[in-house]
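Trainee: Residue numbers are given in this note's numbering: position 723 of the sequence shown equals residue 1285, and the series is strictly consecutive.
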Amino acid sequence: MPRRLLSPARAALRHHLTPAVVLALGLAATLAAWALARSTLRMQSRERFVDEVDRASAALNERMAAYEAMLRATSGFLRGVGAEPSALAFHDFVATLDLRDRYPGIQGIGWSKLIRPDELANHEAEQRAAGRPGYRVWPPGARALYSSIVLLEPLDWRNQRAIGFDMFSEPVRRAAMERARDTDDPAATGRVELVQETGRERQAGFLVYVPVYAGAPATVEERRDRLRGWVYAPFRAGDLLRAALDATAMQKFGLSAYDGTELRAEALLFEAGARDDELRLALVRRIDVAGRPWTLRFAAGRSFESATERLLPLGVALGGLALTLLLFWATREEVRARTRAEASARRAVFLAEASKVLSSSLDYAATLPRVATLAAQRVAELCIVYLERGDPRWTVGHATPEVASRVRAAVEGSGFERDVEIGPAAALQGGHPRARSGFDPGRIALAARAPALAGALREAGVGSSLTVALASRGERLGTLTLLAGARRRFTRGDVRLATDLARLVAAAVDTSRLYAAARAAVRERDEFLSIASHELRTPLTSLALQSESLRAKANRLQLDDVARKAEVIRRNVDRLARLVASLLDLSRITAGRLELELEPFDLAELAREVVARFEDEARRAGCTLELVAPEPVPGSWDRLRLDQVLTNLVSNAIKYGPNQPVEVRVEGVGERAVLTVRDRGIGIPPEDQARIFERFERAVSKRSYGGFGLGLWIVREIVESLGGTVRVESAPGSGATFTVELSRRAQTQARSPATGLSPAAPTA
Ligand code: ADP
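(1) Mapping DSSP to helix, strand and coil, what is D680?
(2) In the DSSP assignment, the beta strand (DSSP E) including A844 goes from what residue to what residue?
(3) Mind checking which residues open and close the beta strand (DSSP E) that includes L1187?
(4) For D747, does the three-state DSSP call read helix, strand or coil?
(5) Residues in the same chain with beta-carbon distance under 7 Å from T1073, minus the five sequence neighbours each way, listed in chain order, please.
(6) Could you pull the start and end residues of the alpha helix (DSSP H) that T1103 belongs to?
(7) On the DSSP letters alone, give me the boundaries of the beta strand (DSSP E) that G791 sits inside.
(8) Strictly by DSSP, which residues pair up with Y948?
(9) Could you check whether the Cβ of F1163 sits closer than 7 Å to any heavy atom belonging to the ligand ADP?
(10) Does DSSP put L1148 in a helix, a strand or coil?
(11) Can you tell me which of T760, T745, V793 and G767 puts its alpha carbon nearest to the alpha carbon of T781?
(12) Applying the 10 Å Cβ sphere with the 16-neighbour rule, what's the burial state of R1266?
(13) Closer than 6 Å by C-beta to E1303: which residues in its own chain qualify, once you throw out the five before and the five after it? Chain order, please.
(14) Check for me: the beta strand (DSSP E) holding S1198 runs from which residue to which?
(15) Only counting the same chain, and skipping five residues up and downstream in sequence, which positions put a Cβ closer than 7 Å to that of A742?
(16) Exposed or buried, which one is V911 when buried takes at least 16 other CB atoms within 10 Å?
(17) Is the region 1034 to 1043 in contact with the region 885 to 894, if contact means three or more CB pairs nearer than 8 Å?
(18) Determine which residues share a DSSP beta bridge with F768 and list them.
(19) What does a CB cutoff of less than 8 Å around A1106 pick up in its chain, not counting 5 residues either side in sequence?
(20) Could you tell me how far apart the beta carbons of Q689 and R723 are, in whole angstroms, since I believe they sit closer than 8 Å?
(21) What number of angstroms, rounded off, separates the C-alpha of A961 from the C-alpha of L1032?
(22) Suppose you measure from the CA of E681 to the CA of G696; what does that come to, to the nearest Å?
(23) Please go through the same chain and pick out, in chain order, the residues whose beta-carbon is closer than 7 Å to the beta-carbon of A862, but skip the five residues on each side of it.
(24) Compare the C-alpha of V965 against each of T935, G952, E950 and D953 and name the closest.
(25) Measuring only the C-alpha atoms, how far is A635 from T602?
(26) Report all residues from its chain with a CB closer than 8 Å to the CB of R705; omit the five preceding and five following residues, and keep chain order.
(27) Does the distance between the C-beta of R1278 and the nearest non-hydrogen atom of the ligand ADP fall short of 7 Å?
(28) Got a sec: is the Cβ-Cβ distance from G1232 to anything in chain B below 8 Å?
(29) Name the two residues that bound the continuous beta strand (DSSP E) containing E833.
(30) May I ask you to check if the CB of R1085 is nearer than 7 Å to at least one heavy atom of the ligand ADP?
(31) With burial defined as no fewer than 16 other Cβ atoms inside 10 Å of the residue's Cβ, what is the status of D981: buried or exposed?
(32) Under a three-way DSSP split, which group does Y775 fall into?
(33) Below 8 Å, how does it come out for the region 1139 to 1159 and the region 1117 to 1127: are there three or more Cβ pairs, yes or no?
(34) I think G533 touches L714, with their Cβ atoms under 8 Å apart; what is that distance to the nearest whole Å?
(35) Pull up the distance between the alpha-carbon of A582 and that of T901, whole angstroms please.
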């Protein structure tokens, strides 16, 4: 099955596949680029976050170290004082530390004195006596050891509330106090609520203790023994952390600080910043606060990411998408353009094939069915050519010949004329192409009252038609209709194709008709020539006989004048007879009726006869006519016809070479006989040498030399019929040599009748 011009499914696939692949690849690449950009930027922001977190925890560590150092210094101050510090000295000392500005978050610095049970009453009495009438150690109750906050600076109303408080009585504080006592290092408590904490803005707190001994104890026992009390500082965790971390850091991420190593709600010291729902990054860091582990959880939300980090992936995605769409569009356009170009190339190939078929013969009855079938195979399902004066009127092409002949039988019976919408009638009226899709064959049946046609069309599976008019040289010839499946829509390209095809078909039909008309004219001419030459021969024969007897009688009566005139009549009658003979030959050869009668004879002998016949004529023309035939050249040929060959060649030699010698030569060369006629006349230009052997072809002007242009043609026809060849060698002004070569045992060759038209019909 030849490749169809338009296969909708394949075209659609080709149309859509490549752009779809481009689209898919583009989207995949965009997705990958987006993911890569996002993960790279996330990594970047994470690194930044880690940096910031490290910086923040380092800052916190540093700050705590500074606080510890400050507490150690206070402890050193109290150790130095030795005895019980005075409230004034302590106040002055703490005042120099400038707590509020330099150590934010610290609530104060206090001195908590260790009191053994036996000293308790004494201690309370001393304090009351020293101007603190309401002083007591609290909470009340009997305990193994007491402690009391004796000094606390700055002694504002808040801190005032803590005076006399026995921190040793409270387990969380006590644990830190004991640790400090035993290690001689600052020790922080776990999370506590400070006694100073009142009001609404409660914060978690913790305390740091530094022991104060009497002397410099070295062992744990000595330390317990010599402990005098503790320098301590209460901290509000929130204030401390806020102060330790700079404000911008706190804006960028959230921080939760836990006492201990776990993230337990009850150990939460402080929480601020990013909420969990938009959490992007989280890091946990441990730090040591006066011998106690703290767990810091840093968390960054969306706002931590920079604008670039947030927007770049989106930008990449949008850019990629735009690029992909652009690429998709460009590919689709490209594919469309290519499909169009290929379709037009295939159309051109189809038209070239159609034109080859149409030019293969001049008989359109032979070529139209082939072209219609080709069109049905390539561009439609069915192709119907209608010729108004056609024979046949309807030509139908379909891939299946049986379907084609059924449709043809149906249209021949009914025709399309009545359906004005799709049929040839419409195209014939309007003259421009008519296309219609999706018609129902049943409708045509109704319109045309032709159930057979409807059935045939249904069987052919068609429901769309395209009809164009056939016209040539302004004359309307008929129509060409392409029919395809009902779903096929004929495009503008199809209309162009159908129009081009119609033009080719119309030209072929027109040419074919012209050719037939010309052939008929030639046939009539040949018939006329045949009849005319026959009719002329009879009176000529009688004229020849009469002039001969007239000449004989004049000679007898010695009427020289009359004899000469009779002689002239005789010569002209001979010439006339030759002309009539060649006209007769023309019709015979043209009709393929040149009959040869082979018989054995001597060609040299024949040449001698002919030369003798021409002696008078040669003499009158001033030529010396010489025959060179040293020995007989026997063979089997048609005697009369070879006489004619010799006659034509010798009469030409005399005619075109007057007053010059003419030589006739006959030789036997092995199996062949060679006859040459040579003159020294006007000669023939090289470009005319082939042409002069054709019918009516001449290389001289009619005015200078009379003649039909048939002599050499007849020579060639006869020689070739005998299986021989004839050729000429000549140069202008130096004469011509005609050479005929014949096989001695000639066999007649079948010659096809000439068409009478030049050039002959192509057979390819
Ligand atoms: P005709 O002589 O009637 O014209 P021919 O068929 O015999 O027709 O010759 C065809 C043409 O060939 C002549 O018209 C002439 O131009 C050329 N020709 C033939 N024979 C000769 C010749 N011997 N010398 C020169 N030209 C020749």
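All C-beta atoms, glycine included, are put in the ideal place defined by N, C-alpha and C.
Mentor: Looking at the atomic coordinates:
(1) helix
(2) L843 to V851
(3) L1187 to V1190
(4) coil
(5) L924
(6) R1054 to R1118
(7) L789 to R798
(8) W956 and T1041
(9) no
(10) helix
(11) T745
(12) Sequence check: residue 1266 is Ser here, not Arg. Under this definition S1266 is an exposed residue.
(13) R1234, V1236, G1286 and T1287
(14) P1196 to W1199
(15) P748, A749, Y771, V772, P773 and W792
(16) exposed
(17) no
(18) F797
(19) R1132, V1135, D1136 and A1139
(20) With a Cβ gap of about 16 Å, Q689 and R723 do not count as contacting.
(21) 23 Å
(22) 18 Å
(23) F611, K814, F815, A836, R842 and L843
(24) T935
(25) 49 Å
(26) P679, D728, F730 and S731
(27) no
(28) The structure shown contains no chain B, having only a single protein chain.
(29) L830 to A834
(30) no
(31) The predicted position of D981 is uncertain, since its pLDDT is 48 and thus under 50; a value taken from the coordinates is nonetheless stated next. When all chains shown are included, D981 counts as buried.
(32) strand
(33) no
(34) Coverage of the chain is limited to positions 563 through 1326, which leaves residue 533 absent and any answer about it impossible.
(35) 16 Å
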